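**Student:**
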Amino acid sequence: MKGRDVTIAEVARHAGVAVSTVSYVLSGKRAISAETRRRVLDSVRALGYHPNAGARALASKRANVIALVLPLRAGMHVPVLMQFATSVVTAARSFDHDVLLLTADEGTDGIRRAAASALVDGLILMDIEEHDERVPVLRELSEPTVLIGFPADSAGLTCVDLDFEAAGKLCVAHLAGRGHREIALLGAPAVVYERGTGFARRTRSGFADAIEARGLSGVALPCEEGFDDVRVTVKQLLADHPQVTGLVVHNEAAVGHVLATLRELDRQLEVVAICPDDIADRARLASVLIPAEEVGREAVRLLMEKLEGRQVPASTLLQPRLTYRRA
DNA sequence: TCGTGTCTGCTTAGGAGCGT
DNA sequence: ACGCTCCTAAGCAGACACGA
1 MKGRDVTIAE VARHAGVAVS TVSYVLSGKR AISAETRRRV LDSVRALGYH PNAGARALAS
61 KRANVIALVL PLRAGMHVPV LMQFATSVVT AARSFDHDVL LLTADEGTDG IRRAAASALV
121 DGLILMDIEE HDERVPVLRE LSEPTVLIGF PADSAGLTCV DLDFEAAGKL CVAHLAGRGH
181 REIALLGAPA VVYERGTGFA RRTRSGFADA IEARGLSGVA LPCEEGFDDV RVTVKQLLAD
241 HPQVTGLVVH NEAAVGHVLA TLRELDRQLE VVAICPDDIA DRARLASVLI PAEEVGREAV
301 RLLMEKLEGR QVPASTLLQP RLTYRRA
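For what it's worth, UniProt numbering labels the leading residue of the first sequence as 1, then goes sequentially.
Right, here's the structure in full:
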């Protein structure tokens, strides 16, 4: 048997106060005496009251839901995307918001629909391309948005991400500091660059800048994720550039395969990876952490600030840190 | 079988009213 | 006079009762 849900009116009756008093106790938007507050909260607990989300949205003009727009496109590493998603959901809960997940199936219509129907109060977008079709749509919305990543033209937008350009430079600096003169970058799958995905391109451009600035020699290659593809790519790289002694891997799915291939070929390259800590820990690799937890939390915090009508910085770049692990 | 009217979920601002 | 609490109305959409 399905019980009817308890309403705010029943809580008010139980506690012997007005409905509006219960509402103010729960929202904290007006001063309520400690004694009344205690009685109300006792009644809420005793009756097992949860506000009806529809009625709350109707009255407050807020859904208390944000959208996470996560395309799940080819070549993206799902476990890392899930770290971002988990962090966004957890952070949103701490602000009393829930998260609606929008994928790419619906294209930009999903964004328009979720915003125009007041299904969500604001949006967080991930996997940003340099010329992302979603960006012009965002500029037309009245709902606040935050991007995890940077499009080519970020004017008027709020963007947050790891400074991948600095990460590329940091990896080169680390290997150069350890005496390497010829360094290679194995990056994301080719399709990711072709789409113009910002983080992949920015790492590559930071890498190239640092190589040039230090007068080193470097080569950057895309890298697929399957073992056989990685093996072919690594072999080709070492055949074409036999002097390479340092390797930057910005492809979390390929890290293990790269190391296996180097062992198989008995080549002693020094490797730095840009990847989550668990992967680097397992392989005892120096690495630059992708701070998914921190980025997700910051994206939500910025969105909540915008929802309150406060100004926020247009651009937040988290500085990369390199963790050295002795093999 | 229509159309009409009433009710329900909740929040919020502004002002009324109560007790001390 | 002050601190606290209450009252009110609006907003949407579906459910329901009622009379013609």
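For glycine and all other residues, C-beta sits at the position ideal for the given N, C-alpha and C. Model, not experiment: these values are computed from the prediction.
Looking only at its own chain, which residues have a Cβ that is under 8 angstroms from the Cβ of arginine 326, when we skip the five neighbours before and after it?
**Tutor:** Closer than 8 angstroms at the Cβ level, and outside the excluded window around arginine 326, lie Arg284.
**Student:** Using C-beta distances below 7 angstroms, list every residue in its chain close to glycine 48, excluding the 5 sequence neighbours before and after it, in chain order.
**Tutor:** Hits under 7 angstroms: Val6.
**Student:** Any idea if lysine 2 is buried or exposed, counting beta-carbon neighbours within 10 angstroms, 16 or more meaning buried?
**Tutor:** With a pLDDT of 45 at lysine 2, under the threshold of 50, the modelled position of that residue is not reliable, and the figure given next carries that caveat. With fewer than 16 other Cβ atoms within 10 Å, it is exposed.
**Student:** Since I believe serine 87 is in contact with glycine 296 (beta carbons under 8 angstroms), could you give me their beta-carbon distance rounded to a whole number of angstroms?
**Tutor:** Rounded, the Cβ-Cβ distance is 3 angstroms, consistent with contact.
**Student:** With DSSP run on the structure shown, which of helix, strand or coil describes leucine 322?
**Tutor:** Here leucine 322 sits in strand by DSSP.
**Student:** Quick check on this structure: which residue in Ala55, Leu221, Phe150 and Val288 has the alpha carbon closest to the alpha carbon of threonine 316?
**Tutor:** Comparing Cα positions, the closest option is Phe150.
**Student:** Return the chain-ordered ranges of every alpha helix (DSSP H) run that is complete within the segment 92-149 and spans a minimum of 4 residues.
**Tutor:** 109-116 and 134-140, all fully within the segment 92-149.
**Student:** Let me know the secondary structure DSSP gives threonine 21 once reduced to three states.
**Tutor:** Of the three classes helix, strand and coil, the one that applies to threonine 21 here is helix, per DSSP.
**Student:** With distances taken from CA atoms, which of Pro136, Asp161 and Val25 is nearest phenylalanine 84?
**Tutor:** If we check each option's Cα against that of phenylalanine 84, Asp161 comes out closest.
**Student:** Are there 16 or more other CB atoms within 10 angstroms of the CB of phenylalanine 95, so buried, or fewer, so exposed?
**Tutor:** Exposed.
**Student:** Could you please give me the residues that DSSP links to valine 69 through a beta bridge?
**Tutor:** Beta-bridge pairing links valine 69 to Leu102 and Leu125.
**Student:** Closest by CA to residue 334, which one among Arg321, Val312, Leu318 and Gln319?
**Tutor:** It is not possible to answer for residue 334, since the shown part of the chain is limited to 1 through 327.
**Student:** Who are the Cβ neighbours of cysteine 171 in its own chain at under 6 angstroms, not counting the five residues just before and after it?
**Tutor:** Correct list, in chain order: Val248 and Val272.
**Student:** Which of helix, strand or coil does DSSP assign to serine 287?
**Tutor:** Here serine 287 sits in strand by DSSP.
**Student:** Look up isoleucine 183 in the DSSP assignment and say whether it is helix, strand or coil.
**Tutor:** Strand, per DSSP.
**Student:** Leaving out the 5 sequence neighbours to the left and right, which residues in its chain are closer than 6 angstroms to threonine 261 when beta-carbon positions are compared?
**Tutor:** Excluding residues within five positions, the ones whose Cβ falls inside 6 angstroms are Arg231 and Val234.
**Student:** Given a threshold of 16 other Cβ atoms within 10 Å of its Cβ, counted over all protein chains shown, does alanine 9 qualify as buried or as exposed?
**Tutor:** Flag for alanine 9 reads exposed.
**Student:** If I follow the unbroken alpha helix (DSSP H) through isoleucine 8, where does it start and stop?
**Tutor:** 8-15 is the span of the alpha helix (DSSP H), which, as asked, contains isoleucine 8.
**Student:** Rounded to the nearest angstrom, what separates glutamate 308 and valine 65 at their Cα positions?
**Tutor:** Roughly 14 angstroms between the two C-alpha positions.
**Student:** Answer yes or no: do arginine 181 and leucine 216 have a C-beta to C-beta separation smaller than 8 angstroms?
**Tutor:** Cβ distance < 8 angstroms, so arginine 181 and leucine 216 count as in contact.
**Student:** Output the residue ranges of the beta strand (DSSP E) runs that lie fully inside the segment 260-317 and measure 3 residues or longer, sorted by chain position.
**Tutor:** Correct list: 270-275 and 286-289.
**Student:** Kindly indicate the opening and closing residues of the beta strand (DSSP E) around serine 217.
**Tutor:** Segment 217-221, the beta strand (DSSP E) holding serine 217.
**Student:** Out of Val255, Gly218, Leu81 and Phe227, which has the shortest C-alpha to C-alpha gap to threonine 245?
**Tutor:** Here the closest residue by C-alpha is Gly218.
**Student:** Take threonine 101 and list the residues in its own chain whose beta-carbon comes closer than 7 angstroms to its own, dropping the five residues that flank it on each side.
**Tutor:** It is leucine, not threonine, that sits at residue 101 in the sequence shown. Correct list, in chain order: Leu68 and Leu70.
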